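The numbering used here numbers the first residue of the sequence shown as 1481 and each following residue consecutively. Think of the CB as a built atom: it goes at the ideal place given N, C-alpha and C, for glycine as much as any other residue. All of these numbers come straight from a predicted model, not from anything done at the bench.
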Amino acid sequence: MMGPLTPRFMSALVCGVLSLNSALAASLLSPLFTDHAVLQRDQPIAVWGHAKAGERVVVSIAGSRAESAADREGRWSVSLPAMSAGGPYTLNATADSGDTRRINDVLIGDVWLCSGQSNMALPVNRALDARSEIANAKNGSIRLLSVPLASSARPQTEFASPVGWQPVTSSTIPEFSAACWYFARELQKTVDVPMGLIAAAWGGSKIEPWISTASLRAHGGYDEVLDILAASVNDPWRASARWGSVWENWWRKQSRTASEPWSARAGGDWRKAPAELGPWEEWGDERLASYNGMVWYRTTVSLTPAQAAQSSVLSLGQVDEVDQTWVNERPIGAKASPTLSREKRAVPMIGTQSDRTYRLPPGTLVPGENLIVVNVLDTYATGGLRGPASSRWLKLADGTTIPLDRDWLYQVPPAIDGAPPRAPWENVAGLSVIFNGMIAPLTQFSIRGVAWYQGEANTEAAAAYGPLLERFMADWRTQFRAPLPFLIVQLANYGAPPTQPTQSGWADLREQQRRVVARDTNAGLVIAVDIGERTDIHPANKQEVGRRLARAARHVAFGESVPPSGPRVLDARRQGGRIVVSFADVTGKLVAYSALRPVGFELCGTEKASCRFVDAVLAGERVALDSSTVPDATRVRYCWADSPVCTLFDEAPLPAGPFEIEVQP
């Protein structure tokens, strides 16, 4: 396992990254244009890159030719005429200086961008029947490109590391997105053209990091935090101080006590933590045995006047998951693990690092006792300050390392409504940072559409997800300058099945997904609530996800008459002592699996806790509900829980998805 990064190693790493980015920036052709590339058919073909300022560049493919002169920063771009599906072709770019690039085995077809969080990132080698799927993977007309993980406070024009297109083989497919690959493989059965698959997914990511800054500002409510993000580029210490003030104000409003635990005067029940710290679930404190939430830590370090006057770096070791850190009551940093705990344990991410090191602003340290306070938030499984005690230290400019080996104290705060705010530069929970690092470099490249599998990370604020999803789709259509079709995978089932009607953030978010797609004529919903796994947030059956994505694409992107998903609810109306629910897009007739009648239907009044399970009877494309036990019902819910049992299908066979609708007169 890699140990703590030394300053020398970090310096070399930064220099290496800068050198790599410089090399990429200097490339005559954008790194998106490599051997085996797929270019979007039936649309003008944009090609771009870098050359010397003012230099002329000529680009050609299949008899078409275009030229451009590089601007003052060396950027150039051309547009070649649209082409029909076919190939292979050779793409040539030549500069006046003689610099030439020849890109071989280029196909013209459909390019799909597959994005989201860990269920889109989950690779083929983790999916169902991985061994046989990998052994039989061979398709020269489907090409793969994986976007490297990267987050940035401002939009990038190049990727964080080199990329390249690869044909599907048993050696290239194992680490590629399973849902994306199975989608294309299935779609090619009816849309027989070459396909390029771009996978850009990050486990644990909320939707907000995937939306551009301009779009989030237009959405409203993010200006203050986006200003802090912008400030972090040139003045990170000032940005950290401003963010700390935002966080402290949230604490003052939400805390049920007057205590400010980052203060030297803070009271409360501070207890001694084990010397090695580690996961708090293992401390023997009954309150923490299965606790997910926040814990406060504090310790002190004593410095001489000469030591306090030096610049310094603070290391907290590994933190699971999120920290907000103060030194002498001064906010000095906030970071998060690269992906949510439940996802990083299941889908390893290359290049992630959860060590926390902060360079302290001048004047932070004082002679004598210095107070270090850390708030740690954990949302799943184990949490806390992890790693060996030797990973927690204060390093001074003269090379002295002072271990933080005094007693660490901890305090468990009272229950707080809502989750704490997340720093805007956090990679998976910040604002615009994944768009800036992973999507912005793609936006000149023409694509056919987007497959989006995300939402698990937003279930704690599900009511806000619908407007954000609408904003996200509009944003990407603007960024890619095309009316892109979106294929939205609805959240799968996960968790314990219900024994009675319940409130559910997962169900609320599924409903937001359903309603947004229903209002968007260029979007399709992929139901997955029947193919999840109760004990695994990453269901392995990505083959069926791929099949359903392909079906939605056939309807939305290619205009086929095939229904995009399973039975779609239309309305619910009173008929005597019954409430009748009508469905559209039914193939054949409605059927109930493993029973004469479907289960999972609820009738509800106006109050949240008023829902009751009711008997249901099939009638062609309708379901009749017995309303005798809820005579004043105003709503119908179906399949409503984190992990519901859903038995209503059609003869396709496809499931009816979860919904909540009002009862009509």
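Hey, out of P2078, A2096 and T1982, whose CA is closest to A2121's CA?
As a working note, residue 2121 is residue 641 in the sequence shown. The shortest C-alpha separation from A2121 is found at T1982.
Proximity test, Cβ basis, 7 Å: R1582 and chain B:
In summary, chain B is missing from the structure at hand, where a single protein chain is found.
Three Cβ pairs or more, each shorter than 8 Å: is that satisfied between the segment 1592-1599 and the segment 1920-1933?
yes
Compute the Euclidean distance between the alpha carbons of V1775 and P1900, then round it to the nearest angstrom.
Within the sequence shown, the letter at position 295 stands for residue 1775. Within the sequence shown, the letter at position 420 stands for residue 1900. Their Cα atoms are separated by approximately 12 Å.
Pair every Cβ in the segment 1675-1689 with every Cβ in the segment 1912-1924, then say whether three or more of these pairs are closer than 8 Å.
yes
Please check the pair A1517 and G1534, which I expect to be a contact at CB under 8 Å, by giving their CB distance rounded to whole angstroms.
Against the sequence shown, residue 1517 aligns to sequence position 37. Against the sequence shown, residue 1534 aligns to sequence position 54. No, A1517 and G1534 are not in contact; Cβ-Cβ is about 28 Å, not under 8 Å.
For C2119, which of helix, strand or coil comes out of DSSP?
Your numbering for residue 2119 matches position 639 in the sequence shown. C2119: coil per DSSP, three-state reduction.
Count the other CB atoms, across all protein chains shown, that sit within 10 Å of the CB of V1713; report buried if there are 16 or more and exposed otherwise.
In the sequence shown, the residue the question calls residue 1713 occupies position 233. Exposed, since its Cβ has fewer than 16 Cβ neighbours within 10 Å.
Can you have a look at S1564 and say buried or exposed, based on whether 16 or more other CB atoms are within 10 angstroms of its CB?
Walking along the sequence shown from the start, residue 1564 turns up at place 84. It is exposed - the Cβ of S1564 has fewer than 16 other Cβ atoms within 10 Å.
Flag this pair as yes or no: are the beta carbons of V1558 and V1586 separated by less than 7 Å?
Against the sequence shown, residue 1558 aligns to sequence position 78. Against the sequence shown, residue 1586 aligns to sequence position 106. Contact flag unset, no.
Can you check which of these residues, A2003, E1991 and A1937, is closest to L1967 by C-alpha distance?
Start at 1 with the first residue of the sequence shown, and residue 1967 comes out as number 487. Ranking the options by Cα distance to L1967, first place goes to A2003.
Would you mind working out which of P2135, L1602, D1800 and E2024 sits nearest V2071, comparing C-alpha positions?
On the sequence shown, position 591 is the one that residue 2071 refers to. Measuring from the Cα of V2071, the nearest candidate turns out to be P2135.
Could you pull out every unbroken beta strand (DSSP E) segment of at least 3 residues lying fully inside the segment 2012-2081, listed in chain order?
2048-2055 and 2058-2064
If you check the beta carbons only, do A1903 and A1814 fall under 7 Å apart?
Numbered from 1 along the sequence shown, position 423 holds the residue referred to as residue 1903. Numbered from 1 along the sequence shown, position 334 holds the residue referred to as residue 1814. Yes, they are a contact pair.
Put R1488 into one of helix, strand or coil per three-state DSSP.
As a working note, residue 1488 is residue 8 in the sequence shown. Confidence in R1488 is poor, its pLDDT being 35 and thus under 50, which makes the residue's placement unreliable; the coordinate value appears in the next sentence. Correct three-state label for R1488: helix.
Can you tell me the Cβ-Cβ gap for P1674 and G1589, rounded? I've got them flagged as a contact below 8 Å.
In the sequence shown, residue 1674 corresponds to position 194, counting from 1. In the sequence shown, residue 1589 corresponds to position 109, counting from 1. About 3 Å separates the two Cβ atoms, so the contact holds.
Drop a sphere of 10 angstroms on the beta-carbon of P1894, count the other beta-carbons inside from all chains shown, and report buried for 16 or more, exposed for fewer.
For the purposes of this step, residue 1894 is identified with residue 414 of the sequence shown, where counting begins at 1. Exposed is the call here.
Tell me which same chain residues have a C-beta within less than 6 Å of the C-beta of G1724, skipping the five on either side of it?
Residue mapping note: residue 1724 aligns to position 244 of the sequence shown, counting from 1. Same-chain partners within the cutoff: P1811.
Output the distance between the C-alpha atoms of L1857 and A1630, rounded to the nearest integer angstrom.
Along the sequence shown, one-based indexing puts residue 1857 at 377. Along the sequence shown, one-based indexing puts residue 1630 at 150. Their Cα atoms are separated by approximately 23 Å.
In or out: V1827 buried (at least 16 other Cβ within 10 Å) or exposed?
As a position in the sequence shown, residue 1827 is number 347, starting the count at 1. Because V1827 sits at a pLDDT of 40, beneath the cut-off of 50, its placement in the model cannot be relied upon, and the point is left open.
The segment 1798-1809 contacting the segment 1742-1760, beta-carbon criterion three pairs below 8 Å:
yes
Determine, using beta carbons only, whether F1952 and I1691 come nearer to each other than 7 Å.
Locating residue 1952 in the sequence shown gives position 472, where the first residue counts as 1. Locating residue 1691 in the sequence shown gives position 211, where the first residue counts as 1. Contact: yes.
Among T1670, D1579 and P1511, nearest to S2041 - alpha-carbon criterion
For the purposes of this step, residue 2041 is taken as residue 561 along the sequence shown, with counting starting at 1. It is T1670 whose Cα lies nearest to the Cα of S2041.
Whole-angstrom Cβ separation of T2114 and C2091, contact assumed at under 8 Å?
Residue 2114 sits at position 634 when you count from the first residue of the sequence shown. Residue 2091 sits at position 611 when you count from the first residue of the sequence shown. Between C2091 and T2114 the Cβ distance is about 11 Å, and since that is not below 8 Å, they are no contact.
Let me check you understand the geometry: is the CB of N1772 closer than 6 Å to at least one non-hydrogen atom of the ligand HEM?
As for the ligand HEM, it is missing from this structure, which has no ligand bound.
Is the beta carbon of A2030 sitting closer than 7 Å to the one on L1667?
Start at 1 with the first residue of the sequence shown, and residue 2030 comes out as number 550. Start at 1 with the first residue of the sequence shown, and residue 1667 comes out as number 187. Result yes, Cβ atoms of A2030 and L1667 sit closer than 7 Å.
Does the Cβ of S1770 have 16 or more other Cβ atoms within 10 Å, making it buried, or fewer, making it exposed?
Position 290 of the sequence shown, counted from the start, is the residue given in the question as residue 1770. When all chains shown are included, S1770 counts as exposed.
I need the boundaries of the alpha helix (DSSP H) containing F1952, first residue and last residue.
Taking the sequence shown and counting its residues from 1, one reaches residue 1952 at position 472. From DSSP, the alpha helix (DSSP H) with F1952 extends over Y1945 to Q1959.
Smallest Cα separation from I2059: which of P2111, L1911 and G1700?
In the sequence shown, the residue the question calls residue 2059 occupies position 579. Of the candidates P2111, L1911 and G1700, the one whose C-alpha sits nearest the C-alpha of I2059 is P2111.
What does the Cβ neighbour count give for R1751, buried or exposed, with the cut at 16 atoms within 10 Å?
Residue numbering aside, residue 1751 sits at position 271 when the sequence shown is read from its first letter. With fewer than 16 Cβ atoms within 10 Å of its Cβ, R1751 is classed as exposed.
Exposed or buried, A1877, counting other C-beta atoms within 10 Å across all chains shown (16 or more means buried)?
Taking the first residue of the sequence shown as 1, we reach residue 1877 at position 397. Classification of A1877: exposed, given that the 10 Å Cβ count is below 16.
Tell me the DSSP secondary structure of H1530 in three-state form.
Here residue 1530 corresponds to residue number 50 of the sequence shown, with the count starting at 1. The answer is strand: DSSP assigns H1530 an E or B state.
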